[in-house]
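Here the structure is laid out as C-alpha cells; the discussion comes afterwards.
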Amino acid sequence: MGDPREKIFREAAETLAARRNAVALTGAGVSVESGIPMFRGTQGMWEKYDPMEYATIGAFLRDPEKVWEMLSEMVEVLSRAVPNPAHFGLAEMGKRGLLRSIITQNVDGLHQAAGSQRVIEFHGSAGELICLSCWNRYSSREKIRDGIPPRCECGRILKPNLVLFGEQIPWKAQEDAESEAETCSVLLVIGTSAQVAPACDIPRLSKKKGAAIIEINPEETPLTRTITDLYIPENAGPAISRLLEGIRDFPPPS
Ligand code: OAD
C-alpha cells in the first residue's frame, strides 16, 4: 500500500512550485519541536497560568511582579530554544523564492534565527523590553541578567514588547500582515489553533483574494473544514521537509 498522504503532499508541492508567491502564517505549533510549549491543550501554558490572571495588560498594570512569574518561565524556555527543521525549512523556501514572508504569532525570534528574511511579528517580540512610563526599550537578554523582574532606569518594572490580551496589535505589523495576506497566492497556515483574533482572520483575507490555503497541523482547527484547501495532518518539521523534497519535482515555470 502506498502512503495515503502522497497525493496531498504532491498537490501542495505543485501548488507552491507553480504559484511561487506564498506567505506563511505560523503559530506556537512550529516551535513545539524546539521545546517551547503551546498555549492551549493539556501541556499548554494556559493550563498552568490562567491567561486572565497572567496575560492581560490589566493584570500587568495591577501586579507586574505576579505576571513576571509566568514571564520568567517563558523567558527561561525561550533563552534555551533553537530553530527546528520547520523554521529552517521555511527559511529554505524563502531562499528558493517560493515563500515571500512569514507572519508569526510567535514571540521567540526563531524564524529570524533560522535565516528567514521577512518576518512580521504579529504579537511582538520577547526579545525586547519596554517601559510603560518613559518608553525606553532594552534588550531582554541583557536586562534580565540583572534580575527578574527587570526594571527601567526610572525604576518601573519593564514589560516584554509582546502583545498581552487587551493590547492592540502593533499597527505596522497589522498593516503589513494584511497587505501580505491580500497579495499572496498561497497561504501556508502552520501550527496555529486559529482561535485568537485578529490573527485567525488572516486566512480569510487571503482566501477572499483567491489564494490557496494549505494548512499543516496534526489537529484540525476551525479553518480545516471551512476555508482550508489542502490539509496536511502532520507535525510542521517533517511536513515542511517533505514539501521541500516534493517541490524539487516541479521545475520553476519559464
Ligand atoms: P495554540 O497553543 O493555541 O495552538 C498551537 C497549535 O499547534 C495547535 O493547533 C496544535 O494542534 C498545533 N501543533 C502542535 N504541535 C505541532 C507541530 N509539531 N507542528 C505543527 N502544529 C502543531 O497556539 P497559537 O495558535 O499560536 O497570543 O496561539 C495564538 C495566540 O494565543 C498566541 O500567539 C498567544 C496565545 O494566547 C498572545 O499571547 C496574545
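One rule links them: number in my numbering = place in the sequence shown (from 1) + 267.
We put the CB at the ideal spot given by N, CA and C, even for glycine.
Predicted model, so just to flag it, every value in this text is computed and none were measured.
Just to check my reading of the structure: residue i and residue j have Cβ atoms closer than 8 Å, yes? What is that Cβ distance to the nearest angstrom?
i      : j      : result
ALA280 : GLY513 : 3 Å
ALA503 : ALA353 : 4 Å
VAL299 : MET305 : 6 Å
THR293 : THR459 : 7 Å
Taking 8 Å as the cut-off, decide whether the C-beta atoms of residue i and residue j are in contact.
i      : j      : result
LEU480 : ASP496 : Per the sequence shown, the amino acid found at residue 480 is Ile instead of Leu. Yes; because the gap between Cβ atoms is below 8 Å, this pair is in contact.
ARG287 : LEU365 : yes
ALA506 : SER473 : no
PHE432 : ALA322 : yes
SER406 : GLY394 : yes
PRO416 : TRP335 : yes
PHE355 : ILE370 : no
LEU511 : GLU359 : yes
LEU396 : ASN373 : no
PHE276 : ARG509 : yes
ILE387 : ALA440 : yes
ILE424 : ARG418 : yes
Exposed or buried, what is residue i when buried is set at 16 or more other beta-carbons lying within 10 Å of its beta-carbon?
i      : result
PRO489 : exposed
LYS315 : exposed
CYS421 : exposed
LYS426 : buried
LEU273 : For clarity, residue 273 is Glu in the given sequence; the question names Leu instead. Exposed, since its Cβ has fewer than 16 Cβ neighbours within 10 Å.
PRO518 : exposed
MET319 : exposed
VAL349 : exposed
PRO437 : buried
GLU482 : buried
THR282 : buried
Are the region 392-403 and the region 452-470 touching, with three or more C-beta to C-beta distances below 8 Å?
-> Three or more beta-carbon pairs separated by less than 8 Å are not found between the region 392-403 and the region 452-470, which leaves the two stretches without contact.
Please go through the region 285-326 and give each complete beta strand (DSSP E) segment of 3 or more residues, from N-terminal end onward.
-> Secondary structure within the region 285-326: the beta strand (DSSP E) runs of 3 or more consecutive residues, fully enclosed, are 289-293 (chain order).
Counting pairs of Cβ atoms below 8 Å between the region 369-381 and the region 342-353, do you hit three or more?
-> Segments in contact, yes.
Length-filtered (4 minimum) alpha helix (DSSP H) runs lying within the region 377-463 = 377-381, 407-412 and 438-450, all fully within the region 377-463.
Counting only runs of 4+ residues fully inside the region 319-364, write out the alpha helix (DSSP H) ranges in chain order.
-> List check, alpha helix (DSSP H) in window: 324-329, 331-347 and 352-362.
Which parts of the region 463-500 are runs of the alpha helix (DSSP H), unbroken and 4 residues or longer, counting only runs that do not cross its ends?
-> For secondary structure counted as the alpha helix (DSSP H) over 4 or more consecutive residues, the region 463-500 holds these complete runs in sequence order: 469-475.
Sequence-ordered residues whose beta carbon comes within less than 5 Å of a heavy atom of the ligand MG | Annotation note on the ligand MG: not contained in the displayed structure, which lists the ligand OAD as its ligands.
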